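Data first, discussion second: the structure below is written as structure tokens.
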Amino acid sequence: MSAAPQTTDALDSAGVPDTTRTSLLRFATAGSVDDGKSTLVGRLLHDTKSILADAYEAVERVSKERGSEEVDLALLTDGLRAEREQGITIDVAYRYFSTPRRTFILADCPGHVQYTRNTVTGASTADALVVLIDARYGVVEQTKRHLAVAALLRVPHVIIAVNKIDLLDYASGPFRSISQHVQTHAESLGLPNVICVPVSALNGDNVAERSDNTPWYEGPTVLEILETVPSIDQGADAFAAAHRHGVTHPGRADAAAEEIGWRLPVQLVLRPQDAAVSEEYREYRGYAGQVAEGTIRVGDEVVVQPSGKRTTVAGIDTATGPLDEAHTGQSVAVRLADEVDIARGDLLSSASDATESTKTFHAHVAWLTDRPLRVRDRVLVQHGSAVVQAMVTTIDGILDISLPGGTLDSSIAKGHELQLNDIGVVSLQLAQPLAVEDYGNHRRTGAFCLLDPQDGNTLAAGTARAQVPGTADESYISI
Amino acid sequence: MTTDTPAPARLSTLDSLEAEGIHIIREAVGTARKPVLLFSGGKDSVVVLHLATKAFWPGKVPFELLHVDTGHNFDEVIEFRDRTVEKLGLRLQVAKVQDYIDDGRLRERPDGTRNPLQTVPLLDAITEHKYDVVFGGARRDEEKARAKERVVSLRDEFGAWDPRNQRPELWNLYNPRHLPGQHVRVFPLSNWTELDVWRYIEAEGIELPPLYYAHEREVFQRDGMWLTPHDSVRVRDTDVIEKRTVRYRTVGDASCTGAVESPAVSIQDVIAEVASTRITERGATRADDRMSEAAMEDRKKEGYF
Chain A
1 MSAAPQTTDA LDSAGVPDTT RTSLLRFATA GSVDDGKSTL VGRLLHDTKS
51 ILADAYEAVE RVSKERGSEE VDLALLTDGL RAEREQGITI DVAYRYFSTP
101 RRTFILADCP GHVQYTRNTV TGASTADALV VLIDARYGVV EQTKRHLAVA
151 ALLRVPHVII AVNKIDLLDY ASGPFRSISQ HVQTHAESLG LPNVICVPVS
201 ALNGDNVAER SDNTPWYEGP TVLEILETVP SIDQGADAFA AAHRHGVTHP
251 GRADAAAEEI GWRLPVQLVL RPQDAAVSEE YREYRGYAGQ VAEGTIRVGD
301 EVVVQPSGKR TTVAGIDTAT GPLDEAHTGQ SVAVRLADEV DIARGDLLSS
351 ASDATESTKT FHAHVAWLTD RPLRVRDRVL VQHGSAVVQA MVTTIDGILD
401 ISLPGGTLDS SIAKGHELQL NDIGVVSLQL AQPLAVEDYG NHRRTGAFCL
451 LDPQDGNTLA AGTARAQVPG TADESYISI
Chain B
1 MTTDTPAPAR LSTLDSLEAE GIHIIREAVG TARKPVLLFS GGKDSVVVLH
51 LATKAFWPGK VPFELLHVDT GHNFDEVIEF RDRTVEKLGL RLQVAKVQDY
101 IDDGRLRERP DGTRNPLQTV PLLDAITEHK YDVVFGGARR DEEKARAKER
151 VVSLRDEFGA WDPRNQRPEL WNLYNPRHLP GQHVRVFPLS NWTELDVWRY
201 IEAEGIELPP LYYAHEREVF QRDGMWLTPH DSVRVRDTDV IEKRTVRYRT
251 VGDASCTGAV ESPAVSIQDV IAEVASTRIT ERGATRADDR MSEAAMEDRK
301 KEGYF
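Note that the protein sequences, when read in sequence, are chains A and B.
The numbering of the first sequence is the working numbering, which starts it at 1 and goes up by one.
The numbering of the second sequence is the working numbering, which starts it at 1 and goes up by one.
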């Protein structure tokens with residue numbers, strides 16, 4: 001691992017952003033039809049000088065062919081032929097750009113077709129979500145839906161780009177009332193960190209550069225926010241979790257991360273024997289995985305799940321040498337003090353806060369496939385590195401964002417099957433116990449997918465929940 | 001939103017990308033019956049192989065390598081390929097486009113390029129060796145169709161990619177499940193840019209074929225690219241052959257892989273050049289990608305890499 005990355009500009013001697021020193025932020029963009037999302041993405045790429053000459057020329061050429069006088073930056077993000085022909089975006093596309101302060105992976109989620117499926121996919125890996133709102137129309141149903149997905153998936157930071165303010169002569173009034181509306185709605189959804197920015201993606205106001213057209217706005221630009229918010233490995237998840245427990249200072253995210261301990265799903269048992277790179281490692285036995293959260297230290301007490309066996313961390317290894325500690329996101333191999341029976345699919349947890357494994361749990365499920373989900377359907381649950389058989393025991397309701405009240409828990413309408421793009425509350429019965437945790441506190445070990453047991457396709461995104469809507473006295477995760 | 005400075009990041013961009021790549025490789029191997037890495041000796045496949053050596057340390061890389069040889073490769077690249085395989089004690093399978101041309105299963109194209117001919121030998125090799133997980137070095141930043149492909153990408157019995165019907169890829173829960181006859185392509189460098197690859201090559205001291213660095217070479221200009229006179233390239237009477245200082249940004253089929261004029265002799269030079277470059281990697285050097293805007297999408301649908 002290289003030296004600690006910079007929080008300020010990191011350029012090498014040739015003036016090139018030095019990615020051995022800058023940090024990485026993953027973010028997603030979501031918006032409804034025609035709110036200018038593709039233009040905003042194009043603008044971010046353009047203003048950070050991330051568009052290469054030939055790509056820009058191709059877009060220029062197509063813009064002309066379509067009879068447009070200005071270069072349509074939105075065209076930069078149309079990837080597939082069907083998209084170009086229909087002038088719409090179909091699938092999540094990934095974009096890459098960097099500034100001297102940070103490298104960005106952008107999951108561009110289209111708003112036209114299957115927006116829940118796409119937004120859920122993009123938001124699941126995001127440290128931040130940028131939601132577009134057309135300043136002329138304000139908060140619309142799809143905005144609420146995007147915010148609900150952000151709340152459901154606990155995206156640590158939400159940026160609302162209130163776009164097309166140029167069409168309202170850069171007046172402050174509409175922006176202020178939209179901000180108010182968004183904040184009220186976000187609060188009821190339990191979204192910890194929402195910030196609104198008045199922008200014109202077309203003209204570049206407050207996207208990468210502060211605008212002279214909005215002297216009444218003193219906040220940061222969209223890019224400034226993206227350059228400074230904490231990423232997952234800087235405790236973004238921990239901060240979001242801590243916020244719900246009343247901690248509002250990001251500086252305490254580290255402390256919060258200490259409290260929630262660490263998790264490591266075991267991907268492989270490394271036992272090289274005859275295939276060892278040298279004789280001294282013949283009898284090596286290590287458990288390979290990526291730290292899902294927290295910091296593992298040599299000497300830490302460990303609980304192996306689902307067996308519940310206990311031991312301690314004897315060593316943390318990488319190909320370039322041993323480590324004293326491993327942080328969220330690092331891929332390592334852990335050696336344990338005792339010979340314990342461990343296989344791929346097991347979860348190693350810090351003993352201080354390990355959750356017990358369970359065979360039944362409740363969850364929000366975003367249903368992402370054409371055929372409906374019904375009670376008693378058999379599915380596979382993919383959780384960490386484990387895949388186990390499961391059955392749907394109840395479907396308790398479907399999220400309806402149009403219901404009054406507006407919280408994730410109060411917006412549950414009656415319903416007994418989930419259709420494509422529905423978000424429902426379900427209970428699952430597992431064939432083998434898993435250490436499923438509350439997603440609100442554990443973004444990795446609370447997340448799971450449902451798979452089709454026959455063809456293996458991915459059916460749904462799930463987030464385990466510790467509390468049942470409307471039944472606060474009942475434990476949501478029960479053994 | 002507060003103005004407090006967040007805790008400093010513990011992982012740099014490269015640390016994060018390396019950790020993600022290792023995670024992807026381990027995850028795919030953890031579920032595979034018979035994985036394989038497509039290895040050409042090109043820089044991206046070299047980096048994937050490097051990540052694999054780290055993922056399974058202190059064990060050897062637990063899968064074999066497959067090269068689909070167009071017969072139009074640069075000698076330096078083949079020499080590098082064989083040396084790398086031997087150094088790591090791995091097994092290499094070679095599927096030869098030439099064999100298919102010799103027995104008439106494939107016909108030479110009028111333009112002489114063999115890149116599009118790789119698909120059939122590749123799919124036959126996958127079937128013959130019963131590979132179920134096929135690692136490749138493709139990156140999403142290379143091309144617009146690739147930007148939409150999943151890290152773990154399902155291929156049907158014909159090796160085809162169905163861009164309209166991809167599985168959602170959620171969190172870091174990759175799904176390599178497939179039916180008999182199907183396989184998955186796995187791209188551990190999906191989130192890397194060309195610059196990231198070069199930074200990583202520098203940081204890890206990874207050896208590459210010498211073609212990637214500037215050297216003097218006899219070349220001639222065609223369609224705005226510098227091609228090298230090679231067994232596979234028909235030099236026309238009108239072609240003017242001259243000596244230039246060039247380097248290659250990709251090292252594929254010599255008949256359609258162009259060199260760029262460059263003084264970049266070291267990794268640091270290359271990084272500075274890549275960072276300031278005005279033309280994307282494929283646009284500059286791959287004639288076959290220029291055929292149409294949808295060239296790559298079409299080839300992927302047919303089972304290409």
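We put the beta carbon where it would ideally sit given N, CA and C, even for glycine.
Note that the structure is a prediction, hence the values are computed from the model and not measured.
field: Same chain, Cβ closer than 7 Å to A:Asp-9, five either side skipped, listed in chain order
entry: Here residue 9 of chain A refers to the residue found at position 9 of the first sequence. Excluding five sequence positions before and after A:Asp-9, the CB atoms of its chain that fall closer than 7 Å to its own CB belong to Pro-100 and Arg-101, given in chain order.
Alpha-carbon spacing of B:Asp-99 relative to B:Asn-115, whole angstroms: For the purposes of this step, residue 99 of chain B is taken as residue 99 along the second sequence, with counting starting at 1. For the purposes of this step, residue 115 of chain B is taken as residue 115 along the second sequence, with counting starting at 1. So the alpha carbons of these two residues sit roughly 15 Å apart.
message: I'd like the list of long-range same chain contacts for A:Ile-165, defined as Cβ closer than 6 Å, with 5 residues on each side in sequence excluded.
response: Working through the first sequence from its first residue, we reach residue 165 of chain A at position 165. For A:Ile-165, where only same-chain residues beyond five positions count, the Cβ hits under 6 Å are Ala-135, Pro-198 and Ser-200.
query: Going along chain B in order, which residues have a C-beta closer than 9 Å to the C-beta of A:His-327?
result: Residue numbering aside, residue 327 of chain A sits at position 327 when the first sequence is read from its first letter. Result: Arg-10 and Leu-11.
task: For B:Asp-141, I'd like the list of residues in its chain whose CB is within less than 8 Å of its CB, leaving aside the five on either flank, ordered along the chain.
output: One-based indexing of the second sequence puts residue 141 of chain B at position 141. Only residues of its own chain outside the window of five on either side were considered, and among them Ala-147, Trp-192, Thr-193 and Glu-194 have a CB closer than 8 Å to the CB of B:Asp-141, listed in chain order.
task: Give every residue of the same chain whose Cβ lies closer than 6 Å to the Cβ of A:Arg-444, excluding the five residues on either side of it in the sequence, and list them in chain order.
output: For the purposes of this step, residue 444 of chain A is identified with residue 444 of the first sequence, where counting begins at 1. These residues qualify, in order along the chain: Ala-292 and Glu-293.
task: Verify the CB distance criterion: does A:Val-247 have a CB-CB separation below 8 Å to chain B?
output: Counting from 1 along the first sequence, the entry for residue 247 of chain A is found at position 247. Low confidence applies to A:Val-247: its pLDDT is 48, below 50, so where it sits in the model is not reliable, and the reading given next is rough at best. So, not an interface residue.
task: In angstroms with no decimal places, state the Cα-to-Cα distance between B:Lys-60 and B:Lys-87.
output: Along the second sequence, one-based indexing puts residue 60 of chain B at 60. Along the second sequence, one-based indexing puts residue 87 of chain B at 87. C-alpha separation (whole angstroms): 11 Å.
message: Measuring only the C-alpha atoms, how far is A:Gly-289 from A:Gln-267?
response: Residue mapping note: residue 289 of chain A aligns to position 289 of the first sequence, counting from 1. Residue mapping note: residue 267 of chain A aligns to position 267 of the first sequence, counting from 1. Distance from the CA of A:Gly-289 to the CA of A:Gln-267, rounded to the nearest whole angstrom, comes to 5 Å.
- prompt: Closest Cβ-Cβ distance between B:Val-186 and chain A: below 8 Å?
  reply: For the purposes of this step, residue 186 of chain B is identified with residue 186 of the second sequence, where counting begins at 1. So, not an interface residue.
- prompt: Mind listing which residues of the stretch 161-182 of chain B have their C-beta closer than 8 Å to chain A's C-betas, in chain order?
  reply: Within the stretch 161-182 of chain B, the residues whose Cβ lies closer than 8 Å to some Cβ of chain A are Pro-163, Arg-164, Gln-166, Arg-167, Pro-168, Glu-169, Leu-170, Trp-171, Asn-172, Leu-173, Asn-175, Arg-177, His-178 and Leu-179, listed in chain order.
task: Compare the beta carbon distance of A:Gly-489 and A:Ile-178 with 8 Å and say whether it is the shorter of the two.
output: Examination of residue 489 of chain A is not possible in this model, given that chain A is present from 1 through 479 alone.
- prompt: Bridge partners of A:Trp-367, per DSSP?
  reply: As a first step, residue 367 of chain A must be located in the first sequence, where it is residue number 367. Note: A:Trp-367 sits in a beta bridge opposite A:Ala-460.
task: Taking a Cβ distance cut-off of 7 Å, strictly less, list which residues of the stretch 6-40 of chain A are near chain B, in chain order.
output: Cβ contacts with chain B: Thr-7, Ala-14, Val-16, Thr-19, Thr-20, Arg-21, Thr-22, Ser-23 and Leu-24.
query: Excluding the five sequence neighbours on either side, which residues of its own chain have a C-beta within less than 6 Å of the C-beta of A:Asn-506, listed in chain order?
result: Because residue 506 of chain A is not part of the residues shown, which for chain A are 1 to 479, the question remains open.
message: Could you pull the DSSP bridge partners for A:Ser-23 from this structure?
response: Counting from 1 along the first sequence, the entry for residue 23 of chain A is found at position 23. When beta bridges are read from the DSSP output, A:Ser-23 appears opposite A:Arg-102.
field: Min CB distance A:Leu-268 to chain B below 8 Å
entry: Start at 1 with the first residue of the first sequence, and residue 268 of chain A comes out as number 268. Answer yes: the Cβ-Cβ gap between A:Leu-268 and chain B drops below 8 Å somewhere.
message: On a Cα-Cα basis, can you pick out the residue from A:Leu-106, A:Asp-205, A:Ala-466 and A:Arg-282 that is closest to A:Leu-226?
response: Position 226 of the first sequence, counting from 1, holds the residue named residue 226 of chain A. Residue A:Leu-106 is the option with its Cα nearest to A:Leu-226.
Local conformation of A:Val-425 per DSSP, three classes: Working through the first sequence from its first residue, we reach residue 425 of chain A at position 425. Strand, per DSSP.
query: If we ignore side chains and look at the alpha-carbon of each, how far apart do B:Val-251 and A:Ala-123 end up?
result: Residue mapping note: residue 251 of chain B aligns to position 251 of the second sequence, counting from 1. Residue mapping note: residue 123 of chain A aligns to position 123 of the first sequence, counting from 1. Approximately 36 Å between the Cα atoms of the pair.
Sheet register partners of B:Gln-221 (DSSP bridge): In the second sequence, counting from the first residue as 1, residue 221 of chain B sits at position 221. Under DSSP, the beta-bridge partners assigned to B:Gln-221 are B:Trp-226.
query: If we cut at 8 Å on Cβ distances, does A:Val-426 have a partner in chain B?
result: Taking the first residue of the first sequence as 1, we reach residue 426 of chain A at position 426. Not an interface residue.
task: Closer than 7 Å by C-beta to A:Ala-366: which residues in its own chain qualify, once you throw out the five before and the five after it? Chain order, please.
output: Taking the first sequence and counting its residues from 1, one reaches residue 366 of chain A at position 366. Here the set comprises Thr-116, Val-120, Ile-423, Ala-460 and Ala-461.
message: Can you look up A:Ala-351 in the DSSP assignment and give me helix, strand or coil?
response: On the first sequence, residue 351 of chain A is found 351 positions in, with the first residue counted as 1. The DSSP-derived three-state label of A:Ala-351 is helix.
- prompt: Looking only at its own chain, which residues have a Cβ that is under 7 Å from the Cβ of B:Leu-90, when we skip the five neighbours before and after it?
  reply: Start at 1 with the first residue of the second sequence, and residue 90 of chain B comes out as number 90. If we look at B:Leu-90 and ignore the five residues flanking it on each side, its Cβ neighbours are Val-61, Glu-64 and Leu-65.
message: Check for me: the beta strand (DSSP E) holding B:Leu-211 runs from which residue to which?
response: Locating residue 211 of chain B in the second sequence gives position 211, counting from the first residue. Element bounds for B:Leu-211: n/a, residue is neither H nor E.
- request: Label A:Leu-167 either buried or exposed according to how many other C-beta atoms from any shown protein chain fall within 10 Å of its C-beta, with 16 as the threshold for buried.
  value: For the purposes of this step, residue 167 of chain A is taken as residue 167 along the first sequence, with counting starting at 1. Burial state of A:Leu-167 is exposed, judged by a 10 Å Cβ sphere holding fewer than 16 other Cβ atoms.
field: Proximal residues of chain B, C-beta to C-beta of A:Ser-124 below 7 Å
entry: Here residue 124 of chain A refers to the residue found at position 124 of the first sequence. Ordered by position in chain B, the residues that pass the 7 Å Cβ test against A:Ser-124 are Leu-170 and Trp-171.
query: What are the start and end residues of the alpha helix (DSSP H) that includes B:Leu-55?
result: In the second sequence, counting from the first residue as 1, residue 55 of chain B sits at position 55. The sequence shown places Ala at residue 55 of chain B, not Leu. 43-55 is the extent of the alpha helix (DSSP H) around B:Ala-55.
message: Helix, strand or coil, according to DSSP, for B:Lys-87 in the structure here?
response: Here residue 87 of chain B is taken as the residue at index 87 of the second sequence, counted from 1. Of the three classes helix, strand and coil, the one that applies to B:Lys-87 here is helix, per DSSP.
For B:His-50 and A:Ala-276, the rounded distance between their alpha carbons: Working through the first sequence from its first residue, we reach residue 276 of chain A at position 276. Working through the second sequence from its first residue, we reach residue 50 of chain B at position 50. Whole-angstrom Cα-Cα distance: 16 Å.
- request: With DSSP collapsed to three states, give me the class of B:Ser-276.
  value: Position 276 of the second sequence, counting from 1, holds the residue named residue 276 of chain B. Looking at B:Ser-276 - three-state DSSP - the assignment turns out to be helix.
N-terminal and C-terminal residue of the alpha helix (DSSP H) that A:His-146 is part of: The residue given as residue 146 of chain A occupies position 146 in the first sequence. Boundaries of the alpha helix (DSSP H) around A:His-146: 141-152.
query: Using a beta-carbon distance below 8 Å, is B:Phe-56 in contact with chain A?
result: Along the second sequence, read from residue 1 onward, the residue named residue 56 of chain B stands at position 56. So yes, B:Phe-56 belongs to the interface.
- prompt: At a Cβ threshold of 8 Å, is A:Ile-316 touching chain B?
  reply: Numbered from its first residue, the first sequence carries residue 316 of chain A at position 316. Contact of A:Ile-316 with chain B is not assigned, every C-beta pair being separated by 8 Å or more.
field: Span separating the alpha-carbon of A:Ile-398 from that of B:Ile-201
entry: What you label residue 398 of chain A is simply residue 398 of the first sequence in a count that begins at 1. What you label residue 201 of chain B is simply residue 201 of the second sequence in a count that begins at 1. Distance between the alpha carbons of A:Ile-398 and B:Ile-201: 50 Å.
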